[in-house]
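Data block below; observations after.
Numbering (our numbering), first residue to last: 665 to 1548.
This is the structure we're talking about:
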């Protein structure tokens, strides 16, 4: 909460139109339940355009959000603590009402809404996002055993520090071949895994056959060692063995990385189209997961699956209805056409006249009574035609609006075929394979081919305007036909339309078989289908926090748990998935040498509440299987991380011997370089963070040179720029914005913090270390885990930009890095490069000029303190030195 308040200037916000007491949840003596109504989107866009050029962030409070109410848009935390002003804290207790657009919240204290906040236009009321509490609420429930049917067996084993954790069962024989899973063994070998990866997969799969003991296995995955590929191979094997498994991770990004790799693996193995994806389900917040950015993942995303199955399960318009309608249309098109005529109100001219005008019957009866010659009297139809021209015209309009038989069959067939195609594809894509057999999928594919062939013919053939038996003026088409000729006429009709008797009977047979063999569960509501998909899937993917959704009554038990990026998952959060009833085995995959879980609270950080279960088990001495071959970094880049973080156990894959791309000329731009910027200067930047404008200028020059070389060679260039300080990230982004906006897909520049680059990689990585002082102070730059991440993101080139003197005197890992660079001949002074030297001098001149201007301004301010008081805002005083 404190961290959220400190970062309030960058927090998303929205404007509130009104705040009213939620009378439905009134609880005396003081009601703390309120209803918020937000400004609608179009109005909000107008406001954002007016204020600061539309820089406001679009935000809509969601369930679990903690928000601050204030009558101004806060630029800093001090704006919330103005004299005689205060703010409220609110908690969103339920999602937005879809009908009223009201958001129910619980306030931290009583609000007299009309008096305290004037929303009539004189003052505005804003809701500023501080944090979301849902993960914390879920963790609290897990720690207090408040989850549905929770099972503590594995957690109790971990707490007891059982010495057998991570070790092979002494009763069960090891190895896949011993267990009789030769097909899985062949599949693993086909993935071209190295020995350490293959051993990791085999040992995980072997766990599934052990029923004597619950077990936890640790897999250690250093950077670039194919951790994601190994996890995907484990999950693919579990899918083949039909072991019900949950895979989770601390973040949506980590979840999407694993599920994307598995999706590709599964897709390449599918025998028929997308049949088999129904055994895999991914759920979570679609916008946060950015599901649209991942090709093919909509096939396994729960929200999309439920929407499709709801349409398919609908009793009056879904699978069953479409199937039966198509069978009837093929077998008895004439009868279906008659029903259409009846629904459209087609009748004889006589009946139409009687329906439209009761006087017609009276007039006709009078005519018959007055007629002297009964034999020559007009029929009712002839009488209407002669006497009631307007009725005849209306009748003709009705007839002309009716489709001919040919038109009807073409239209009805096309619509039913599209519905059937949607339902078939939905069923074999989204239904678990236990509910639909591959033989049925083959029938569906064959039936769709036959239906498609006939539809193509219908679109090309030239039909007659109407069939002989369709005489509209005489009433229903074929109303007087003999029933004995019915089947023969249907044959003639469809033969005429171009569909042979053989293909017609074959298609009807396929569709009839499908109607009997595929069982649709008797559910058609979203919640029921949601539970059906989760209960019957084999592999489930979500974040650790979101897995609480699976604690539902009647949910099928999970047997296996895989936690990816386990070293980044707080131990308290890992207790959520570890409590699933029936859970037997767990695999934790991670690297405690890289970044740990993000903990903003200084108290929690000091008390190690942010430590992961993975790290704790390692500290306690549990065995971990190491993936020891790296495929990412040029060997000259991997040397230092391997020795410093992994005891020299990390080897380079043979393929890396070809990783010798040269992007710029000169020794300074080799595969691995430390570029010393001796004249760099530390400054305080955004949010009291540290920046170094000299280093930013040097990096900008390097990126500019890379872009020029790209334009000359058109060689794909992907650059990552890393800095541990947010102020420096912002400074670099400003310096190189001309290059980050380049639309060419073969040239890409990404600037992020170390934390933002966890799990990422680029062709070229440039690190800005920022710190430059005589005392050798480097702050949290000395963190070994953060340093490891920064040094292991590059594929071909790693260029470290920093002040060698400061880093050497820091008595941290950076001292070792500088010594290593000098020892290996990879140390270069930026000032020795002509272009970089000039950039440094220019940047120093700008800093000195700015310092001189600020000094002059301070003197002026001291001399005219009275005149300046209250006359200059923070923004104008900042602009003043620039004018001077």
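We treat Cβ as the ideally placed atom computed from N, Cα and C, and that holds for glycine.
Residues in the same chain with beta-carbon distance under 8 Å from residue 1396, minus the five sequence neighbours each way, listed in chain order, please.
The count along the chain shown starts at 1 and reaches residue 1396 at position 732. Counting only Cβ-Cβ distances below 8 Å, and skipping sequence neighbours, we find 1360, 1363, 1364, 1385, 1387, 1415 and 1432.
Of all the options 1382, 1426 and 687, which has the alpha carbon lying nearest to the alpha carbon of residue 1409?
If you number the chain shown from 1, residue 1409 lands on position 745. For the residues 1382, 1426 and 687, the minimum Cα distance to residue 1409 belongs to 1382.
Quick one: is residue 943 buried, meaning 16 or more other Cβ sit within 10 Å of its Cβ, or exposed?
Residue numbering aside, residue 943 sits at position 279 when the chain shown is read from its first letter. By the 10 Å Cβ count, residue 943 comes out buried.
By the 10 Å Cβ neighbour count, where 16 or more other Cβ atoms means buried, how is residue 666 classified, buried or exposed?
The residue given as residue 666 occupies position 2 in the chain shown. With fewer than 16 other Cβ atoms within 10 Å, it is exposed.
Locate the beta strand (DSSP E) running through residue 678, then write down its first and last residues.
Taking the chain shown and counting its residues from 1, the one referred to as residue 678 is at position 14. Counting along the chain, the beta strand (DSSP E) containing residue 678 begins and ends at 677-685.
Within 10 angstroms of its Cβ, does residue 747 collect 16 or more other Cβ (buried), or is it exposed?
As a first step, residue 747 must be located in the chain shown, where it is residue number 83. Exposed, because fewer than 16 other Cβ atoms sit within 10 Å of the Cβ of residue 747.
Can you grab the Cα-Cα spacing for the pair residue 1407 / residue 1413, in whole Å?
Looking up residue 1407 in the chain shown gives position 743. Looking up residue 1413 in the chain shown gives position 749. Rounded to whole angstroms, residue 1407 to residue 1413 spans 11 Å at the Cα level.
What is the rounded straight-line gap between the Cα of residue 1112 and the Cα of residue 935?
Taking the first residue of the chain shown as 1, we reach residue 1112 at position 448. Taking the first residue of the chain shown as 1, we reach residue 935 at position 271. Rounded to the nearest whole angstrom, the CA to CA distance from residue 1112 to residue 935 is 17 Å.
May I ask you to verify whether the segment 1454-1474 touches the segment 1418-1429, counting CB pairs closer than 8 Å and requiring at least 3?
yes
What would DSSP say about residue 1490, mapped onto helix, strand or coil?
Here residue 1490 refers to the residue found at position 826 of the chain shown. In this structure, residue 1490 counts as coil in the three-state DSSP scheme.
Go through its chain and collect everything with a Cβ distance to residue 1405's Cβ below 8 Å, but skip five positions before and after it.
Position 741 of the chain shown, counted from the first residue, corresponds to residue 1405. Excluding residues within five positions, none has a Cβ falling inside 8 Å.
For residue 856 and residue 1117, I'd like the C-alpha separation in whole angstroms.
To locate residue 856, count along the chain shown from 1; it is residue 192. To locate residue 1117, count along the chain shown from 1; it is residue 453. Cα-Cα distance, rounded: 42 Å.
Just to confirm before moving on: does the CB-CB distance between residue 775 and residue 723 stay below 8 Å?
Your numbering for residue 775 matches position 111 in the chain shown. Your numbering for residue 723 matches position 59 in the chain shown. Against a cut-off of 8 Å, the Cβ pair of residue 723 and residue 775 comes out as no contact.
Considering residue 1241, what are the terminal residues of the alpha helix (DSSP H) in which it resides?
As a working note, residue 1241 is residue 577 in the chain shown. First-last for residue 1241: undefined, no H or E at that position.
Assess, as a yes-or-no matter, whether the segment 1272-1280 is touched by the segment 1291-1301 under the definition of 3 or more beta carbon pairs within less than 8 Å.
no
From residue 682 to residue 901, what does the alpha carbon distance come to, in whole angstroms?
Taking the chain shown and counting its residues from 1, the one referred to as residue 682 is at position 18. Taking the chain shown and counting its residues from 1, the one referred to as residue 901 is at position 237. Cα-Cα distance, rounded: 55 Å.
So, does the segment 1276-1284 touch the segment 1219-1239, judging by three or more C-beta pairs under 8 Å?
Result yes; three or more Cβ-Cβ pairs closer than 8 Å.
Leaving out five residues on either side along the sequence, give the residues of the same chain with a beta carbon under 7 Å from the beta carbon of residue 795.
One-based indexing of the chain shown puts residue 795 at position 131. Same-chain partners within the cutoff: 665, 668 and 730.
Use the C-beta contact count for residue 1173: other C-beta atoms within 10 angstroms, 16 or more gives buried, fewer gives exposed.
By 1-based counting over the chain shown, the position of residue 1173 is 509. Exposed: under 16 other Cβ atoms inside 10 Å.
Are residue 1345 and residue 1436 close, meaning C-beta to C-beta below 8 Å?
Working through the chain shown from its first residue, we reach residue 1345 at position 681. Working through the chain shown from its first residue, we reach residue 1436 at position 772. If you check the CB distance, residue 1345 and residue 1436 come in under 8 Å.
Give me the Cα-Cα distance between residue 1597 and residue 1483, rounded to the nearest whole angstrom.
Given a span of 665 to 1548 for the chain in the structure shown, any question on residue 1597 remains unanswerable.
Compute the Euclidean distance between the alpha carbons of residue 807 and residue 898, then round it to the nearest angstrom.
For the purposes of this step, residue 807 is taken as residue 143 along the chain shown, with counting starting at 1. For the purposes of this step, residue 898 is taken as residue 234 along the chain shown, with counting starting at 1. Between residue 807 and residue 898, the C-alpha separation is close to 29 Å.
Within the same chain, show all residues whose beta-carbon is closer than 7 Å to that of residue 975, passing over the 5 residues directly before and after it, in chain order.
Here the question's residue 975 lines up with position 311 in the chain shown. Here the set comprises 982.
Return the chain-ordered list of same chain residues with a C-beta closer than 6 Å to the C-beta of residue 1448, the five sequence neighbours on each side being excluded.
If you number the chain shown from 1, residue 1448 lands on position 784. Result list for residue 1448: 1477, in chain order.
Taking residue 896 as the reference, which of 918, 744 and 766 has the closest Cα?
Walking along the chain shown from the start, residue 896 turns up at place 232. Nearest C-alpha to residue 896: 918.
Helix, strand or coil: which one does DSSP assign to residue 740?
Along the chain shown, one-based indexing puts residue 740 at 76. If DSSP states are grouped into helix, strand and coil, residue 740 belongs with coil.
Since residue 1382 sits in a beta bridge, which residues does DSSP pair it with?
Stepping through the chain shown from its first residue, residue 1382 is reached at position 718. The partner list for residue 1382 (beta bridge, DSSP) reads 1412.
What are the start and end residues of each continuous alpha helix (DSSP H) run of 4 or more residues lying completely inside the segment 1294-1346, in chain order?
1299-1309
So which of 1367, 1378, 1442 and 1342 has the shortest CA-CA distance to residue 1493?
Locating residue 1493 in the chain shown gives position 829, where the first residue counts as 1. Measuring from the Cα of residue 1493, the nearest candidate turns out to be 1342.
By the 10 Å Cβ neighbour count, where 16 or more other Cβ atoms means buried, how is residue 1485 classified, buried or exposed?
Here residue 1485 refers to the residue found at position 821 when the chain shown is read from its first residue. Classification of residue 1485: buried, given that the 10 Å Cβ count is 16 or more.
Which term fits residue 1164, buried or exposed, when burial requires 16 or more other beta carbons within 10 angstroms of its beta carbon?
Numbered from 1 along the chain shown, position 500 holds the residue referred to as residue 1164. Counting Cβ neighbours within 10 Å, residue 1164 comes out exposed, since fewer than 16 surround it.
Could you spell out the range, first to last residue, of the beta strand (DSSP E) harbouring residue 767?
Stepping through the chain shown from its first residue, residue 767 is reached at position 103. Where residue 767 is concerned, the enclosing beta strand (DSSP E) stretches over 766-771.
Find the nearest neighbour of residue 1379 within the set 1411, 1014 and 1320, judged by alpha-carbon distance.
Numbered from its first residue, the chain shown carries residue 1379 at position 715. With respect to the C-alpha of residue 1379, the residue from 1411, 1014 and 1320 having the closest C-alpha is 1411.
Should residue 1422 go down as buried or exposed, given a rule of 16 or more other Cβ atoms within 10 Å for buried?
Numbered from 1 along the chain shown, position 758 holds the residue referred to as residue 1422. Counting Cβ neighbours within 10 Å, residue 1422 comes out buried, since at least 16 surround it.
Is it buried or exposed for residue 1050, if we count other Cβ within 10 angstroms and need 16 for buried?
As a first step, residue 1050 is located in the chain shown; it is residue number 386 there, counting from the start. Result: exposed.
Considering only residues of the same chain and omitting the five flanking positions on each side of residue 812, which have a CB-CB separation below 7 Å?
Taking the first residue of the chain shown as position 1, residue 812 is located at position 148. Correct list, in chain order: 1215, 1216 and 1217.
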